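Please read the structure below before turning to the comments.
There are 4 protein chains.
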Amino acid sequence: MIIVMDPSAEEEDIQHMVDKVERAGLEAILLRGEKRNVIAAIGDERDAVTEGWTAVRGVERIIPILHPYKLASREASPGSTPVRLNGAVLGETKVQVIAGPCAVEDLDTTLDIAQAVKAAGAVALRGGAYKPRTSPHSFQGLQEEGLKILSEVGRHVGLKVVTEVLTPEQVELVAEHADVLQVGARNMQNFMLLRALGQIGKPVLLKRGISATVEEFLLAAEYILKWGNNQVILCCRGIRTFEDHTRFTLSLSSVAYLKEVTHLPVIADPSHGTGRRSLVGPMSKAAVACGADGLIIEVHPDPERAAVDGQQTLTCDGFARLMKELGPVAEAVGREV
Amino acid sequence: MIIVMDPSAEEEDIQHMVDKVERAGLEAILLRGEKRNVIAAIGDERDAVTEGWTAVRGVERIIPILHPYKLASREASPGSTPVRLNGAVLGETKVQVIAGPCAVEDLDTTLDIAQAVKAAGAVALRGGAYKPRTSPHSFQGLQEEGLKILSEVGRHVGLKVVTEVLTPEQVELVAEHADVLQVGARNMQNFMLLRALGQIGKPVLLKRGISATVEEFLLAAEYILKWGNNQVILCCRGIRTFEDHTRFTLSLSSVAYLKEVTHLPVIADPSHGTGRRSLVGPMSKAAVACGADGLIIEVHPDPERAAVDGQQTLTCDGFARLMKELGPVAEAVGREV
Amino acid sequence: MIIVMDPSAEEEDIQHMVDKVERAGLEAILLRGEKRNVIAAIGDERDAVTEGWTAVRGVERIIPILHPYKLASREASPGSTPVRLNGAVLGETKVQVIAGPCAVEDLDTTLDIAQAVKAAGAVALRGGAYKPRTSPHSFQGLQEEGLKILSEVGRHVGLKVVTEVLTPEQVELVAEHADVLQVGARNMQNFMLLRALGQIGKPVLLKRGISATVEEFLLAAEYILKWGNNQVILCCRGIRTFEDHTRFTLSLSSVAYLKEVTHLPVIADPSHGTGRRSLVGPMSKAAVACGADGLIIEVHPDPERAAVDGQQTLTCDGFARLMKELGPVAEAVGREV
Amino acid sequence: MIIVMDPSAEEEDIQHMVDKVERAGLEAILLRGEKRNVIAAIGDERDAVTEGWTAVRGVERIIPILHPYKLASREASPGSTPVRLNGAVLGETKVQVIAGPCAVEDLDTTLDIAQAVKAAGAVALRGGAYKPRTSPHSFQGLQEEGLKILSEVGRHVGLKVVTEVLTPEQVELVAEHADVLQVGARNMQNFMLLRALGQIGKPVLLKRGISATVEEFLLAAEYILKWGNNQVILCCRGIRTFEDHTRFTLSLSSVAYLKEVTHLPVIADPSHGTGRRSLVGPMSKAAVACGADGLIIEVHPDPERAAVDGQQTLTCDGFARLMKELGPVAEAVGREV
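Protein chains in written order, with my numbering: chain U, 1 to 337; chain W, 1001 to 1337; chain X, 2001 to 2337; chain F, 3001 to 3337.
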């Protein structure tokens, strides 16, 4: 940790800060410069209580040297931590695809979709039972009934089930029906929920918040890891920027960067990431090309009748075509779909 | 609602869309243009089920005419809806100031702060008992003990108590101790929490999410209103942008705009909105000058020892000085502090 | 064009606006709704003088129906407009790669780089002679001497030369030495420069401004097209967002979207788009996978000694390896490198 | 400057970097930490050639300690550098207001506006003769004729004239007619233009680019200062964010922050900063309340007929009212209008 003192800092301010560093168990080295005095605090700053230091008199700026996440970092675990979905493995050579409707609507439609995406090569079925919606006037999901439909269909068709959980109290119920519990972008920093998910024995699919930095994203994963669950799938689903031709900006450099710094598997969501059906194909290919371990894609037999998000949803045929096109792209980067 | 058809749309696509509009209970008027055909759907589009329309074949774009929020809009309630805090009223002439530490640390410190901010003219005491923290390795608040300290101090000193609630399940407990329940920026779209808060009889202080549009902010308020609670205080606390000299960008034009479009009171949080102590004063004055109904400010007798956010915290003396300086600014815009 | 009238608009305001629409040569259709009155203005709104309409009394909002760019749109030219670089063609099946140093430093280094990138398969040599630098204290380029080095090396090695031009007055001189004139991101809306480039007979490589919408980007191209030059290459080089792990966010969905809406060739700049050498490879592959017609990449034999931007520069060997890896990705999407 | 070495860096990489630091004339202090080795480079890093250092093998990250701007900083000039406009002074107690139409249209209208804004208390007349427009199909200004109208009207009415200059070649001509030369937001990093303006003897009004950091803004000013002109007025006019209820987000915390770090006067442009007439008043007051030295406001007798930007333009009466309301706000913060 580097502590830059203000030019106006007096000698006693500097000494006071040096003392604080030493009392926190770090070694303090004072570097006197021409324009600024700087204190280098040597040691693992993440183990020291350093809150409040920026408020100390005479301190201009504090610069951490280490990333604040530990358990999620490659330094903690140099290999990768694949997530097992029975037979399938997410985070190894095979690019795994999760597909399904935005929201579960009824048994028959869900079954149709599940059979179609299974046939096309998907490993898991996605579908929302609890739908967080921007407006209270919009459809909020079938809730528990939706969970039952999902688990029944998943078992019948032979697909793992991925669905969203909204509150700590729902965790137990959702975990009964689902194989992977999803944390939506809006809940990425719902720390009570993350903590509850750290204590279950099932994989968690954690979506990046639309304005979360990569560091904040990894710290959210760190909550789950810290509470004992290391089965975490990171999902990049677009960030909010000034761009207006897509709903969000799907930042694929984050996918590639995450693969560098964390051992957790990383997938991309080109449906929510773009909000435009025509861009789902190109961005799926791009995600695989830059190293994504998987994709999560919205599919519906009749997007026009989909209860939610039809404009970004592929038809079952469209999805099957895309899966075929993804094969060569995956092979081009030494993987398979 | 305006439905712009793609140039490639065929006659049957257009007719199909016209039928959908009419079945949804709206009047459809087809406007044939040189480059595009457009369908105007007349009626209150917010009462119609229009989801999926963007996915209809031949539809290029859907443009809503009305803001999607109803209950929160000035059209629903042309006057203002002040929030009563016993004697005090938030949303009328007097600019109300809420002040206190970021996190509750212990009884004595909280009492000192409360007495200081009361003396300086604050109407309510803020303080976090449950602290949502970006890193799981940071201090997470005193929790229930913090609530007890707050309510005891508030009663003793004669200040209303404002504190954050994190989950639907905590609502009841927090409501026992607090006068105003705060929803943090990270939870602005925690719809289960908003729904629970819609069902209590106490005011809610709703913070704008760091990347929420004003429309999304008002729709979050709409959840609380829809479930029956119209005591909602909107709080602007900075948005995430590319700027790096402040922690967030405090968008004061949102304060002024919200005052135009909603009847709910609007306050600003210059402490979180800037993340720099030296900017809290100037931005407090600016917020009052552009029409904010109140401010929420972090205060601690010794910011360096504050458990959280010391760099943006005023000392008790600094707060008292600021309160004095705010007086003339409020008067200059026809209000008082 | 849709004109939404304010609820407070009076009958005479509406009639006044209807008259304005008709005087502008458009057909006005008044749609009386429950909550708002709306005027649909039928005709090609881009040919009408509509400035000032948003300021008319009683007007709430104006919504254009057509994209404001015409010449750059696929509707103007349904096929594609490839750019010819002698034998090579940019914008057809082959993905073309432009490579070279950020700044031209001296003849020998430039020659080494040119030979290396030519051997690896590049079609053109990039290099800055005039360097726009954020700080006046940084190296500003070799200027005219740099141009001479570039043209000499390009001719000698058999590579087209791409270099930046900063002002309208430089256009003639730069055009003498270069095959493609580049407009940097900071100059995307330097309309005097665009106009000058619209009047030369050489291709222009137009970089997207770091905060330009896609619409503004295409309107900048429209300036060049309007003044008579249709040899425009669009280059996506990253937008400014809140992300801090990369210098910019390389928005590849813009590449895919541009391919939908314009006939101009679109390339990506993964070097400036990420600012990190380790991400150049993954993002190059992703760009090709989602449909980019080409890439522009920074290469230097010794990035540590590069005068500018070393942290994002590939070595000559690294570039040769990447070119080999790009081959299969291009083939996977029906193209070649 | 702090150089953080990668955990994988070898001893020889560290030594190599230490050598580089010393050869650059700085003192190198190697700090060996638990997780990272860090080299502190002591001395004024801004005087050393450090480009390329981020590309050195084994370097993870380089952290500058000093702001890169020198001449613009308060450290260079602890007082303030007011800009003199004949009798008036910008940057001292009086808040100076510049007002006028977005674009100059004709002599009579310009004269009307000038007389109105003079009567209301403005110190200078703004008006665009050369108009940079997003679309080539929009009105581009009266050009030289506009300049003549401005200077004639300014002289006649007794107002200083502020107008935009687009290219280095125009500088001389514009300087003949104008008292203050304006650099528009799109040209903030048009370094050739900045350089030309550094060599004239007239004040420059430099607008912040819509996505420029404060550091980049000050470095743009640094260009003008470096070339010999210290009469620079900084103008905050809104940044591009995800917000969609205003055209831009007027970041007033930048105004307050700039007043801390630079000695140059800082003004705000609430017209372009919001793009909505109804917000110009509240944001003008807020800007004054947080310390702006001046305002630049668009005024037109008939905004509906204004050639450009009518939706954000005040009427002459509206401007006069606002000027009256600004008085008490200025007094509340110890200034006057």
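Just so it is clear, CB atoms sit at the ideal spot from N, CA and C, and this is done for glycine as well. Everything numeric in this text was worked out from a predicted model, so none of it was measured.
Whether residue i touches residue j by CB criterion (8 Å)
| i | j | result |
| --- | --- | --- |
| U/Pro306 | U/Val95 | The identity of residue 306 of chain U in the sequence shown is Ala, whereas the question assumes Pro. Contact flag unset, no. |
| F/Phe3319 | F/Ala3120 | yes |
| U/Lys131 | U/Gln140 | yes |
| W/Gly1052 | U/Gly146 | no |
| F/Leu3218 | F/Ala3024 | no |
| F/Gly3238 | F/His3272 | yes |
| F/Ala3178 | F/Ile3200 | no |
| F/Leu3026 | F/Ala3041 | yes |
| F/Val3333 | F/Leu3314 | no |
| U/Thr109 | U/Pro270 | no |
| U/Arg208 | U/Met192 | no |
| U/Leu197 | U/Val180 | no |
| W/Tyr1223 | W/Leu1194 | yes |
Partners in chain F for residue i, counting only beta-carbon separations shorter than 7 Å
| i | result |
| --- | --- |
| U/Val420 | The first residue shown for chain U is 1 and the last is 337, placing residue 420 of chain U beyond what the model contains. |
| U/Phe242 | Arg3240, Thr3241, Phe3242 |
Listed by chain order, chain F residues near residue i by CB distance under 8 Å
| i | result |
| --- | --- |
| U/Leu31 | Ile3029, Ala3040, Ile3042 |
| U/Glu75 | Pro3007, Lys3035 |
Range of the contiguous alpha helix (DSSP H) that encloses residue i
| i | result |
| --- | --- |
| X/Glu2092 | Element bounds for X/Glu2092: n/a, residue is neither H nor E. |
| W/Met1323 | 1316-1332 |
| F/Thr3274 | 3270-3274 |
| X/Gln2015 | 2011-2023 |
| U/Lys259 | 252-261 |
| W/Arg1057 | Run containing W/Arg1057: none; DSSP gives neither H nor E here. |
Where residue i meets chain X, residues with beta-carbon distance less than 8 Å
| i | result |
| --- | --- |
| U/Ala221 | In chain order: nothing, as chain X lies at least about 15 Å away. |
| U/Met283 | Leu2252, Ser2253, Ala2256, Cys2290 |
Distance between beta carbons of residue j and residue i, contact taken as under 8 Å
| i | j | result |
| --- | --- | --- |
| F/Gly3291 | F/Pro3265 | Contact flag wrong, Cβ pair sits at about 11 Å. |
| U/Leu166 | U/Leu206 | That pair is no contact at about 14 Å. |
| U/Pro203 | U/Val83 | 5 Å |
| X/Val2214 | X/Ser2254 | 6 Å |
| X/Thr2134 | X/His2263 | Not really, about 34 Å apart at Cβ, beyond 8 Å. |
Environment of residue i [buried if 16+ CB atoms lie within 10 Å]
| i | result |
| --- | --- |
| X/Ser2284 | buried |
| F/His3245 | buried |
| X/Gln2015 | exposed |
| F/Lys3324 | exposed |
| X/Asn2037 | buried |
Beta strand (DSSP E) segment containing residue i, residue limits
| i | result |
| --- | --- |
| F/Lys3207 | 3204-3207 |
| F/Thr3110 | Careful: F/Thr3110 lies outside any beta strand (DSSP E), inside the alpha helix (DSSP H) at 3107-3120. |
| F/Arg3305 | F/Arg3305 -> no beta strand (DSSP E), and no H or E assigned at all. |
| F/Ala3028 | 3027-3032 |
Proximal chain U residues relative to residue i, where beta-carbon distance stays under 9 Å
| i | result |
| --- | --- |
| W/Gly1310 | Glu51, Gly52, Trp53, Thr54, Ala55, Val56 |
| X/Ala2320 | Correct list: empty, because the minimum Cβ distance to chain U is about 18 Å. |
| W/Phe1248 | Those do not exist, as W/Phe1248 stays about 10 Å from chain U at its closest Cβ, beyond 9 Å. |
| X/Thr2093 | Chain U residues near X/Thr2093: none, gap ~16 Å exceeds 9 Å. |
Chain-ordered neighbours of residue i on chain X, where CB pairs are closer than 7 Å
| i | result |
| --- | --- |
| F/Pro3068 | Ser2135 |
Neighbour list for residue i in chain U, Cβ cutoff strictly below 8 Å
| i | result |
| --- | --- |
| W/Ile1200 | Here the premise fails: no neighbours, minimum Cβ distance about 16 Å. |
Where residue i meets chain X, residues with beta-carbon distance less than 9 Å
| i | result |
| --- | --- |
| U/Thr213 | Phe2242, Glu2243, Asp2244, His2245 |
Partners in chain W for residue i, counting only beta-carbon separations shorter than 8 Å
| i | result |
| --- | --- |
| U/Glu169 | Thr1167, Pro1168, Glu1169 |
| U/Thr313 | Ala1055 |
Proximal residues of chain U, C-beta to C-beta of residue i below 7 Å
| i | result |
| --- | --- |
| X/Glu2260 | Ser278 |
Beta-carbon neighbours of residue i, restricted to chain W and to distances below 9 Å
| i | result |
| --- | --- |
| U/Phe139 | Val1049, Glu1051 |
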